[in-house]
């Protein structure tokens, strides 16, 4: 793990790093020392580790909950090189959708392929970050919607350190089997008028989680229209389960 | 409106009253003066105006939000006389369910019948309570699940003073048309493993609301198992829309 920059703003320390070629960012309270809860955040498709939705949530988790937050670029995103295999599949999928195929299973299949890389990458990130003195081996949470859900479901299923997860804007096509292995508390976000994820697929994914405590929050609006009050809800959810 | 008793506990004043033969209870902050938001709460089937679920929510709305809360007994419940027509229909319905009929449409039909009485009764309650100096004509909210949803949907649809509503544990069988006339913000509670309301009916009722802002909260568990954190969510919802 190699740190490449460190800055501070508004009481929040931001450290950029690379780990086995994966670029990442770690946010902690300025001057933090000792073990604290850690949330790993998975960004959306076409976004990156410091996309506005990630930044806004990370800053509030650090400032209001005193947590650490880590995010890394997904292959082919952010500061990572283009991935020819992924680009080829994405182009093929676009052509198949244009020819009339249902997009949801194609997206799910693609996300399952990418997850074969991100699950081990993210576990390595947890290993490294939890060895730092100002993070430590405290309870871990996961947050990710859309692509961050498609990659997050297999990650949360595989990683016993994750004790609570906020997921959403994803469907059951590829990840129902992984979802059935998840038993930690889940808060699951659905946009009722999602133009990209069929409602029935979203409900089927929520249904598939084996968690004794799971809550679905469905809000009116399209894929990108998660209301601001869900950010508050996420803070309370993680504070309840990791704090 | 005739007050029959007044007591105070923990900073909350509780006034029992009758209005045109309907027994009710009004909770306000002790020593309150002037206009404040008012929440009308509709109790569940077989319950009454001071059932534990009503009391717990009313006390927190008064203590933490400085609101007024009013609840009255539904016909045939609490301090009201038995209603022979309702009892006869309930007995008939039990026999029809025992003979294999789906319970949901029968329950919905029964609730629609009772709502023909409760909608005008509750509007009269609002009129009377809002004339009191320590309540006044402030913004109004409605809370009700199960029977309180079946009676609440036609009430909220009919009453323009209601600006926000928490509803749930109810289905679309009878009330979808009324739901389509509701445009105020709605927080809608679903128990994912509800043994009394079919999941598809619940989702169809949520879908029917015409509100631009509507949020569905579905939690794992049976009809009576709404988790405690939904009480916190209700407080925030009403504070946001009425406060």
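Residue numbers (my numbering), protein chains in the order written: chain P, 1 to 243; chain Y, 1001 to 1243. For each residue, glycine too, the CB sits at the ideal point set by N, CA and C. All values reported here derive from a predicted model rather than from experimental measurement.
Who are the neighbours of residue 219 of chain P on chain Y, taking C-beta pairs under 9 Å? Here residue 219 of chain P refers to the residue found at position 219 when the first chain is read from its first residue. What residue 219 of chain P touches in chain Y: 1213, 1214, 1215, 1216.
Stretch pair the segment 127 to 142 of chain P + the segment 168 to 179 of chain P: three plus CB contacts closer than 8 Å: no
Have a look at P:185, P:50, P:211 and flag the residue whose alpha-carbon is nearest the alpha-carbon of residue 16 of chain P. Taking the first chain and counting its residues from 1, the one referred to as residue 16 of chain P is at position 16. Just measuring C-alpha positions, the residue of P:185, P:50, P:211 sitting nearest residue 16 of chain P is P:50.
Expressed to the nearest angstrom, what Euclidean distance is found between the alpha-carbon atoms of residue 108 of chain P and residue 140 of chain P? Here residue 108 of chain P is taken as the residue at index 108 of the first chain, counted from 1. Here residue 140 of chain P is taken as the residue at index 140 of the first chain, counted from 1. Between residue 108 of chain P and residue 140 of chain P, the C-alpha separation is close to 25 Å.
Whether or not the segment 165 to 174 of chain P and the segment 190 to 210 of chain P are in contact is what I'm after, with contact meaning three or more pairs of Cβ atoms, one per stretch, closer than 8 Å; do they touch? yes
Spell out whether any CB of chain P is found under 9 Å from the CB atom of residue 1203 of chain Y. Translated into the one-based positions of the second chain, residue 1203 of chain Y becomes position 203. Yes, residue 1203 of chain Y lies at the interface with chain P (some Cβ there is under 9 Å from its Cβ).
Would you mind working out which of P:223, P:119, P:218 sits nearest residue 160 of chain P, comparing C-alpha positions? For the purposes of this step, residue 160 of chain P is identified with residue 160 of the first chain, where counting begins at 1. Minimum Cα distance to residue 160 of chain P is reached at P:119.
Hey, could you find the ends of the alpha helix (DSSP H) residue 114 of chain P is sitting in? The residue given as residue 114 of chain P occupies position 114 in the first chain. Per DSSP, residue 114 of chain P belongs to the alpha helix (DSSP H) from 103 to 129.
Return the CA-CA distance between residue 66 of chain P and residue 239 of chain P, expressed in angstroms with no decimal places. Within the first chain, the letter at position 66 stands for residue 66 of chain P. Within the first chain, the letter at position 239 stands for residue 239 of chain P. The straight-line gap from Cα to Cα measures roughly 10 Å.
Against chain Y, with Cβ distances strictly below 9 Å, would residue 238 of chain P count as a contact? Counted from its first residue, the first chain places residue 238 of chain P at position 238. Not one chain Y Cβ lies under 9 Å of residue 238 of chain P.
Should residue 232 of chain P be flagged as near chain Y, meaning a C-beta pair shorter than 9 Å? To locate residue 232 of chain P, count along the first chain from 1; it is residue 232. Chain Y, which has a Cβ nearer than 9 Å to the Cβ of residue 232 of chain P, makes this yes.
If we define contact as Cβ-Cβ less than 9 Å, is residue 194 of chain P a contact residue for chain Y? What you label residue 194 of chain P is simply residue 194 of the first chain in a count that begins at 1. No, no contact with chain Y.
Can you find at least 3 beta carbon pairs, one from the segment 1054 to 1070 of chain Y and one from the segment 1091 to 1100 of chain Y, that sit closer than 8 Å? no
Between the Cα of residue 253 of chain P and the Cα atoms of P:165, P:45, P:33, which residue gives the shortest distance? The displayed coordinates of chain P run from 1 to 243. Any statement about residue 253 of chain P would go beyond what the structure contains.
Which residues in the same chain as residue 211 of chain P place their Cβ atom closer than 7 Å to its Cβ, once the five residues preceding and following it in sequence are excluded? Counting from one through the first chain, the residue named residue 211 of chain P turns up at place 211. Here the set comprises 182, 183, 184, 185, 186.
Note down the Cα distance separating residue 1214 of chain Y from residue 3 of chain P, rounded to an integer number of angstroms. Indexing the second chain from 1 puts residue 1214 of chain Y at position 214. Indexing the first chain from 1 puts residue 3 of chain P at position 3. Taking the straight line joining both Cα atoms gives about 44 Å.
With H, G and I counted as helix, E and B as strand and the rest as coil, what does DSSP make of residue 221 of chain P? Translated into positions along the first chain, residue 221 of chain P becomes position 221. Coil, per DSSP.
Contact belief for residue 226 of chain P with residue 191 of chain P at Cβ below 8 Å, rounded distance in angstroms: What you label residue 226 of chain P is simply residue 226 of the first chain in a count that begins at 1. What you label residue 191 of chain P is simply residue 191 of the first chain in a count that begins at 1. The Cβ separation is near 7 Å, so the contact holds.
Closest by C-alpha distance to residue 124 of chain P, when choosing among P:23, P:12, P:8, P:233: Position 124 of the first chain, counted from the start, is the residue given in the question as residue 124 of chain P. Measuring from the Cα of residue 124 of chain P, the nearest candidate turns out to be P:23.
Rounded to whole angstroms, what is the Cα-Cα separation between residue 78 of chain P and residue 25 of chain P? For the purposes of this step, residue 78 of chain P is taken as residue 78 along the first chain, with counting starting at 1. For the purposes of this step, residue 25 of chain P is taken as residue 25 along the first chain, with counting starting at 1. Between residue 78 of chain P and residue 25 of chain P, the C-alpha separation is close to 12 Å.
Over what stretch of residues does the alpha helix (DSSP H) that includes residue 1072 of chain Y continue unbroken? As a first step, residue 1072 of chain Y is located in the second chain; it is residue number 72 there, counting from the start. Unbroken run through residue 1072 of chain Y is the beta strand (DSSP E), 1068 to 1072; no alpha helix (DSSP H).
Exposed unless 16 or more other CB atoms sit within 10 angstroms - verdict on residue 1237 of chain Y: As a working mapping, residue 1237 of chain Y is identified with position 237 in the second chain. Label assigned to residue 1237 of chain Y: buried.
Buried or exposed, going by whether 16 or more other CB atoms sit within 10 Å of the CB of residue 1028 of chain Y? Taking the first residue of the second chain as 1, we reach residue 1028 of chain Y at position 28. Looking at its Cβ environment, which holds 16 or more other Cβ atoms inside 10 Å, residue 1028 of chain Y is buried.
Is there at least one Cβ from chain Y nearer than 9 Å to residue 145 of chain P's Cβ? The residue given as residue 145 of chain P occupies position 145 in the first chain. So no, residue 145 of chain P is outside the interface.
If you count every other CB in all the chains shown that lies within 10 Å of the CB of residue 73 of chain P, and 16 or more means buried, which is it? By one-based count along the first chain, residue 73 of chain P stands at place 73. With 16 or more other Cβ atoms within 10 Å, it is buried.
Residue range of the alpha helix (DSSP H) that includes residue 1150 of chain Y: Here residue 1150 of chain Y refers to the residue found at position 150 of the second chain. 1147 to 1150 is the extent of the alpha helix (DSSP H) around residue 1150 of chain Y.
Could you give the C-beta distance for residue 235 of chain P and residue 37 of chain P, rounded to a whole number, given that I count them as a contact under 8 Å? For the purposes of this step, residue 235 of chain P is taken as residue 235 along the first chain, with counting starting at 1. For the purposes of this step, residue 37 of chain P is taken as residue 37 along the first chain, with counting starting at 1. Rounded, the Cβ-Cβ distance is 12 Å, inconsistent with contact.
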